[in-house]
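Following my numbering, the numbering of the sequence shown begins with -19 at its first residue and continues without gaps.
Since the structure comes first, as structure tokens, the remarks are kept for the end.
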Amino acid sequence: MKLDLTDLFDNPGISQDFDTKMDLSDVKRWGNPIFGSLVSVKGHVENRSGIVSIKYAVDFMLQAVCDRCLTDISRQEHMEFSHILVFSLNREDDGEFIVIPDGQLDLAELTASDILLELPTAMVCDQGCKGLCPICGKNRNLESCNCRQEKSGRGLEILRDLLDD
Ligand SMILES: [Zn+2]
Ligand SMILES: [Zn+2]
């Protein structure tokens, strides 16, 4: 979905609302589609004294797989974003500015990239998720097993090396 903002750029004081539902089912993360529903996108663009900004909120059902226990995760997400929109940049972009040379904002593309950046690098069903046993593969959240716990290990050695420096 494209928003034509050419008029808005030319006229300080005006604003434009949008309220739409987007099908972003082809957007993937962790190798899988992440949207379990249409993405509701609500917000507005305004030109205040020549500065054009966009503010919007998204609501959607996030679907993913827990990195530790591989359980399906499905939960309602709400996120809010804002950016300054410009025709061009004089210097390197710092991420806050969105450049739209022709005054046409691709709202679907912006929404997808904002959401992807907002998602954590690792997805877990719960911060306290115990994961799968590396030996027998049982889900430790659901049942315990008698496998021998691996003690010490590389992790600590690396940490010690770092502390020695
Ligand atoms: Zn989990
Ligand atoms: Zn086990």
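Glycine included, C-beta positions come from ideal geometry on N, C-alpha and C.
Everything numeric in this text was worked out from a predicted model, so none of it was measured.
- In chain order, -4, 25, 32, 65, 80, 83, 84 and 85 place their CB closer than 8 angstroms to the CB of residue -15, counting only its own chain and leaving out the 5 sequence neighbours on each side.
- Beyond the five residues adjoining it in sequence on each side, residue 5 comes within less than 8 angstroms, by CB distance, of 13 and 15 in the same chain, given in chain order.
- For residue 118, the distance from the CB to the nearest heavy atom of ligand 2 is below 6 angstroms.
- With a threshold of 6 angstroms, the Cβ atom of residue 127 does not count as near ligand 1, since no heavy atom of the ligand is closer than that.
- At the C-beta level, residue 1 and residue -17 stay beyond 7 angstroms of one another.
- Residue 27 is bridged by DSSP to 32.
- With a beta-carbon spacing of about 6 angstroms, residue 10 and residue 44 fall inside the 8 angstroms limit used to define contacts.
- The continuous stretches of alpha helix (DSSP H) do not include residue -16, which lies in the beta strand (DSSP E) extending over residues -18 to -16.
- When 98, 95, 47 and 7 are compared, the shortest CA-CA separation from residue 106 is found for 47.
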